[in-house]
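Here the sequence shown stands for residues 0 to 497, where the numbers follow numbering that gives the first Met the number 0.
Idealized CB from N, CA, C, for every residue including glycine.
First up is the structure itself, then whatever we jot down about it.
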Amino acid sequence: MSERVFIFDTTLRDGEQVPGCQLNSIEKIQVAKALEELGVDVIEAGFPVSSPGDFKSVVEIAKAVTWPTICALTRAVEKDIDVAAEALKYAKRGRIHTGIGTSDYHIRYKFNSTREEILQRAVACVTYAKRLVEDVEFYAEDAGRTENSYLAQVVEAVIKAGATVVNIPDTTGYCLPGDYAAKIRYLMEHVEGIHKAVISTHCHNDLGMATANTIQGVMSGARQVEVTVNGIGERAGNTSLEEIAMIFKSHREMGFATNINSQKIHGISRMVSSLMNMPVQPNKAIVGRNAFAHSSGIHQDGVLKNRESYEIIDPREVGIDDNAIVLTARSGRAALKHRLHLLGVDLEQEKLDKVYEDFLKLADRKKDINDDDVLMLAGKDRTAMQRIKLCYMQVTSGIGLKPVASVCLDIAGEKFEAAASGNGPVDAAIKAIKSIIHRTMTIQEFLIQAIDKGSDDMGKVHMQVEYDGNAYYGFAANTDIIAASAEAFIDAINKFVK
Ligand code: KIV
Ligand code: ZN
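In structure tokens, the structure reads:
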């Protein structure tokens, strides 16, 4: 009989904090419902006091989701806790996640305080939250670099104050797996009353050890793991949900089980990547494009003779179906609707008709339509409302020719044209757009990624543009990568030109 490990998903809070990954409330509800279908136990839906948008999202997610506990983050501040409790009003099961930094770095430099004072504030915030909700999780921020004996004092005190879960975050991703294991074991052995609360891991991936640390945490006594889809999160990200779920599933001898329906993993991974404009690295474990691609002759031969010679997971277990119907120009609405449903997107008839129209146009230019294309088409109407739109663009370039681009922009209904030359066709197009917009902006990051293999594939462009000291993110996908680059640039500009 396996022991249950609870999955606490923070894609919509820690994951969504990543610059450029912000979702609107409707998109958050879409992800929350997909997380519910995936089988997570807790959804951290946001940090309600941080903005009216975050507050609204927590409220809407609490209304839309039935089974998972809905959790809201706060600082150890009464106002934060009040606002979180208000946002959780509609949750069938609500949890407040409150806490404070406990490492000497946080105590001295962030709070200009003392260990004694921080201990009191920790107890006070749990006591205060406990008056508003039954389920209170406490986080000891930077627990990874907190001295174990002091951490044990804090954990013991907050459990006495009523914390139901205690989170031990390795906020900076500094811990080695052995050290993180020793920390959890130390708490299990030295904290009186430790069994009255669930101990939770929350690991960041700055040194690439988030998954290893989380597994070590569970092996040492933690029974909740805090994770994100595709491992997204600030800096190098958080522990990835799919890795943890598949480790416990593949290594049954460890004796741990989660409630994750692994066949939903591929769909939610594509959905989160597409909505958050965050590409998944091709060699990412479990969900990367190459995770199950055997390219060397020796491997292919081995897999054909017996799949298990080189594959530890059957791709179908994570929802990758080789026999899935390929979408082409001849596919009907029903096939498109079915594929979108598998990817967690259910559209009303009117929206489906519009997506199907765009699908047929794309299928004329591209032989096989993949999941990313379909998700991109389903989310395309996000750009329809933009103030600045690209009406047309013509580019000439070639060997021995100076690249020149002419563009026409529609700005709030008025048309503007310009032409420019550059050191390449993208540079020429960007210069032409800049000559119409007249703002000082610089491209800080520019990533073009093809998803499939063929030369007819869509190019996806992610761009970070700096304007007035702030970073803005643009995204576009097109079979013409110069058009995609210009559209991504315009998408970013639309975020600051009101
Ligand atoms: O990394 C961290 O310490 C956190 C806490 C706010 C839980 O995200
Ligand atoms: Zn975190």
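Other residues of its chain near Leu346: CB distance less than 8 Å, five sequence neighbours each side excluded: Within the sequence shown, residue 346 is the residue found at index 347, counting from 1. Cβ within range, chain order: Lys336, Leu339, Val354, Ala377.
Collapsed DSSP secondary structure at Cys202 in the structure displayed: If you number the sequence shown from 1, residue 202 lands on position 203. In the structure shown, Cys202 sits in a strand (DSSP, three-state: E or B).
Coil, strand or helix - Gln119 by DSSP: Locating residue 119 in the sequence shown gives position 120, where the first residue counts as 1. Residue state, collapsed to three classes: helix.
The segment 174–190 in contact with the segment 98–118 per 3-pair CB rule at 8 Å: no
Burial state of Glu140 (16 or more Cβ within 10 Å): Translated into positions along the sequence shown, residue 140 becomes position 141. The residue is buried, with at least 16 neighbouring Cβ atoms inside 10 Å.
Buried versus exposed, by CB contacts within 10 Å (16 or more), Val325: Within the sequence shown, numbered from 1, the residue matching residue 325 stands at position 326. Its Cβ having fewer than 16 others within 10 Å, Val325 is exposed.
The ligand ZN heavy atom lying under 7 Å from the CB of Asn237: Looking up residue 237 in the sequence shown gives position 238. Because some heavy atom of the ligand ZN lies under 7 Å away, the Cβ of Asn237 counts as near it: yes.
Coarse secondary structure for Ser24, derived from DSSP in three states: Here residue 24 refers to the residue found at position 25 of the sequence shown. Ser24 falls in the helix class under three-state DSSP.
Near the ligand ZN: Pro18 beta-carbon under 7 Å from a heavy atom: Mapped onto the sequence shown, residue 18 falls at position 19. No, since every heavy atom of the ligand ZN falls outside the 7 Å radius drawn around the Cβ of Pro18.
Any non-hydrogen atom of the ligand MG within 7 Å of Asp13 CB: The ligand MG is absent from the structure shown, which contains only the ligand KIV and the ligand ZN.
Element boundaries [alpha helix (DSSP H), containing Asn493]: Here the question's residue 493 lines up with position 494 in the sequence shown. Asn493: member of the alpha helix (DSSP H) spanning 480–493, first to last residue.
Any non-hydrogen atom of the ligand ZN closer than 7 Å to Thr257 Cβ: Stepping through the sequence shown from its first residue, residue 257 is reached at position 258. Thr257: no, Cβ never under 7 Å from the ligand ZN.
Test item: CB-CB of Val132 and Gly161 under 8 Å: Along the sequence shown, one-based indexing puts residue 132 at 133. Along the sequence shown, one-based indexing puts residue 161 at 162. Judged by their CB atoms, Val132 and Gly161 are not nearer to each other than the 8 Å cut-off.
beta-carbon His201 near the ligand ZN non-hydrogen atom, thresh 7 Å: By one-based count along the sequence shown, residue 201 stands at place 202. Yes.
Three-state class that DSSP yields for Gln16 in the structure shown: Here residue 16 is taken as the residue at index 17 of the sequence shown, counted from 1. Residue state, collapsed to three classes: coil.
6 Å CB neighbourhood of Pro47 in its chain, flanking five on each side removed: One-based indexing of the sequence shown puts residue 47 at position 48. Asp53, Phe54, Val57, Ala71, Val82, Ala83, Ala86, listed in sequence order.
Any non-hydrogen atom of the ligand ZN within 7 Å of Thr210 CB: Translated into positions along the sequence shown, residue 210 becomes position 211. No, the beta carbon of Thr210 sits no closer than 7 Å to any heavy atom of the ligand ZN.
Beta-carbon gap between Ala209 and Thr238 smaller than 8 Å: Here residue 209 is taken as the residue at index 210 of the sequence shown, counted from 1. Here residue 238 is taken as the residue at index 239 of the sequence shown, counted from 1. Contact: yes.
Buried versus exposed, by CB contacts within 10 Å (16 or more), Thr97: Stepping through the sequence shown from its first residue, residue 97 is reached at position 98. With 16 or more other Cβ atoms within 10 Å, it is buried.
Own chain, CB closer than 8 Å to Gly502, minus 5 neighbours either side, in chain order: Outside the displayed span of the chain (0 to 497) sits residue 502, for which this structure offers no information.
For Ile60 and Asn258, the rounded distance between their alpha carbons: As a position in the sequence shown, residue 258 is number 259, starting the count at 1. As a position in the sequence shown, residue 60 is number 61, starting the count at 1. Roughly 20 Å between the two C-alpha positions.
Glu15 classed as buried or exposed, judged by whether at least 16 other C-beta atoms fall within 10 angstroms: Residue mapping note: residue 15 aligns to position 16 of the sequence shown, counting from 1. Buried, because 16 or more other Cβ atoms sit within 10 Å of the Cβ of Glu15.
Spatial neighbours of Ser514 in its chain, beta-carbon cut-off 6 Å, leaving aside the 5 residues before and after: Coverage of the chain is limited to positions 0 through 497, which leaves residue 514 absent and any answer about it impossible.
Collapsed DSSP secondary structure at Pro51 in the structure displayed: Residue mapping note: residue 51 aligns to position 52 of the sequence shown, counting from 1. Helix at Pro51.
Within 8 Å, strictly: CB atoms of His461 and Asn212: Within the sequence shown, residue 461 is the residue found at index 462, counting from 1. Within the sequence shown, residue 212 is the residue found at index 213, counting from 1. Result no, Cβ atoms of His461 and Asn212 do not sit closer than 8 Å.
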